[in-house]
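Chemist:
Residue numbers (our numbering), protein chains in the order written: chain F, 1 to 136; chain W, 1 to 136; chain Z, 1 to 136; chain V, 1 to 136.
#1: Under a CB-based cut-off of 9 Å, is residue 48(F) close to chain W?
#2: Any chance the stretch 64 to 75 of chain V sits against the stretch 86 to 102 of chain V, with 3 or more Cβ pairs inside 8 Å?
#3: For residue 87(W), tell me which candidate among 59(W), 27(W), 26(W) has the shortest Cα-Cα distance.
#4: Using a 10 Å radius around the Cβ and a threshold of 16 neighbouring Cβ atoms, would you call residue 83(V) buried or exposed?
#5: Name, please, each residue of chain W whose Cβ falls closer than 9 Å to the Cβ of residue 136(Z).
#6: For the candidate residues 96(Z), 17(Z), 78(Z), whose alpha-carbon lies nearest to that of residue 38(Z)?
#7: Can you name, in chain order, every residue of its own chain whose Cβ lies under 8 Å from the Cβ of residue 147(W), other than the five neighbours on each side?
#8: Exposed or buried, residue 49(W), counting other C-beta atoms within 10 Å across all chains shown (16 or more means buried)?
#9: Could you tell me whether any Cβ in chain F is nearer than 9 Å to the Cβ of residue 71(Z)?
#10: Less than 6 Å between C-beta atoms, sequence neighbours within five positions excluded: which residues of the same chain meet that for residue 135(F)?
#11: List the endpoints of the continuous alpha helix (DSSP H) containing residue 126(V).
#12: Could you tell me the distance, in whole angstroms, from the CA atom of residue 73(W) to the CA atom of residue 16(V)?
#13: Report yes if the C-beta distance between residue 71(W) and residue 24(F) is below 9 Å; otherwise report no.
#14: If we cut at 9 Å on Cβ distances, does residue 45(W) have a partner in chain Z?
#15: Output, in chain order, the set of chain V residues within a Cβ distance shorter than 8 Å of residue 13(F).
#16: Could you name the residues that DSSP lists as bridge partners for residue 48(W)?
#17: So is residue 115(Z) in contact with chain F if we call contact Cβ pairs under 9 Å?
#18: Our contact map puts residue 57(V) next to residue 121(V) with C-beta atoms below 8 Å; I'd like the distance itself, whole angstroms only.
#19: Does the beta carbon of residue 58(V) come closer than 9 Å to any beta carbon on chain Z?
#20: Comparing alpha-carbon positions, which option in 1(W), 13(W), 33(W), 21(W) lies nearest residue 7(W)?
#21: So, with DSSP's three-state summary, where would you put residue 84(W)?
#22: Which residues does DSSP list as the beta-bridge partners of residue 27(Z)?
#23: At a Cβ threshold of 9 Å, is residue 51(V) touching chain Z?
#24: Check each candidate in 109(F), 110(F), 119(F), 31(F) and name the one with the smallest Cα separation from residue 14(V).
#25: So, are the CB atoms of residue 43(V) and residue 95(V) less than 9 Å apart?
#26: If you measure from the beta carbon of residue 63(Z) to each beta carbon in chain W, is any gap under 9 Å?
#27: Nearest-angstrom Cα distance between residue 137(Z) and residue 131(Z)?
#28: So is residue 117(F) buried or exposed if we call it buried at 16+ other beta carbons inside 10 Å?
#29: Answer yes or no: the CB of residue 90(W) versus the heavy atoms of the ligand ZN, is any distance below 8 Å?
#30: In three-state terms, what does DSSP make of residue 71(V)?
#31: Since residue 55(W) meets chain F, which of its residues come closer than 7 Å, beta carbon to beta carbon?
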């Protein structure tokens, strides 16, 4: 398993009239978590698209909204790659607030798409080999 | 069960550099589907907040991204209230594109919160009684 | 001058903790206004990109926020093309609420970019000729 | 004049199908710039609302889009408070990309609203006195 932490401060525009972060805006937090987790092992998602012609759309998402997040909260995003990617890449995210309370849990599953053919492909070997040391 | 249909046209700002609707932006489509489903049985969500002091935050979400949605697509949002609300209100949404292909399926579970006490409450009787005729 | 009206209902996710529509989210309303104005004269913006290889990025924006817009408001978006396009295409938008009060005024200026060369070009003749009848 | 710098990395969800940051999403960057500029002089915007009952809606915005911003760009946001606040608070923002090219310029004018009465008020003295040392 690979675990990575990053922090995000809630922006005003991410809240809604309830005063909470809008339920859809957490998806950007998961995305930042994923991208920074990949960057920390040397995989730049931007380069995957630009240089390798691989993009990774989301195919499945599940979220538990446990406590609200509020404007200006400094959130800790814990991103886990829970298994060695194969047909899919599976991320799990936990978000904690400044009082260290778990406020949100999510699973995000992505696949790889070849941007030439726009067909789904298995995770490319260069991604597997970068992640392999963290699994077993 | 209560079923309601509404339509949404994909906005430019809802797409991302992949050319698809960003995975987080579907949440606004589910929300429009929910709100219009409630309006169609005479429940105006805005009035729930303003006049009844009840708000309905999302507590759980799960999504299957089946096919991409593209800019300017006219999407059909089918929103189902699958059981009579009790501790939660459970919505299921299916989204179809103009070729009538299923592109997205989601479950969104909400609870009721008393805006005075900010405590979770069971679904108020006036909501139950409006929906009851559709269930059995 | 060409004038076109369309309507938009404010979504929950477009509000912020102030209870108003977030100041940045009006940009999607202007965009819908522009796209529907163009569609109403037979110009589909999507086709401009897909078939003509022309995209229209925004180069300048100015906004007066006169009154707030609230959740669930049904807004009327009045979009004007104020002069025959040349180096730029200039839109002016006025937004009215259900009480017919002017709440927002904006000017949005766009240019045309050739998607092959990614260079700025003057407005293509086929756009000019569609709009010409409304000017002069 | 007071000048403050902060940095933002462009998120995937902030881009659109053009591959650029959507023109409306810069508003969140200006907002982060403003909030961090105020924090750096000891004014926490969140506390203004929560403790002082003052909120600051945007009343006017103007933007020049000079060059596009792209996914994953690390942008430098330079925020200036250009005059001592009085009836309004006037911010000017310049955004630079990693090559130190100016990509975006904006002016954002805000006013103060008393959250009890929901009436516009002049900028409170405690804000003026914090900012005064930087002007004259």
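Heads up, the beta-carbon is just placed ideally off N, CA and C, and yes, glycines get one too.
This one's a predicted model, so the numbers in the text were calculated from it and none came from an experiment.
Modeler: This is what the structure gives:
#1: no
#2: yes
#3: 59(W)
#4: exposed
#5: Chain W residues near residue 136(Z): none, gap ~30 Å exceeds 9 Å.
#6: 78(Z)
#7: The requested residue 147(W) does not occur in the structure, where chain W is confined to residues 1 to 136.
#8: buried
#9: yes
#10: 84
#11: 125 to 131
#12: 15 Å
#13: no
#14: yes
#15: 27, 28, 31
#16: Per DSSP, none; premise fails for residue 48(W).
#17: no
#18: That pair is no contact at about 12 Å.
#19: yes
#20: 33(W)
#21: coil
#22: None, per the DSSP bridge assignment.
#23: no
#24: 31(F)
#25: no
#26: no
#27: Coverage of chain Z is limited to positions 1 through 136, which leaves residue 137(Z) absent and any answer about it impossible.
#28: exposed
#29: The ligand ZN is not part of this structure, which contains no ligands at all.
#30: coil
#31: 18
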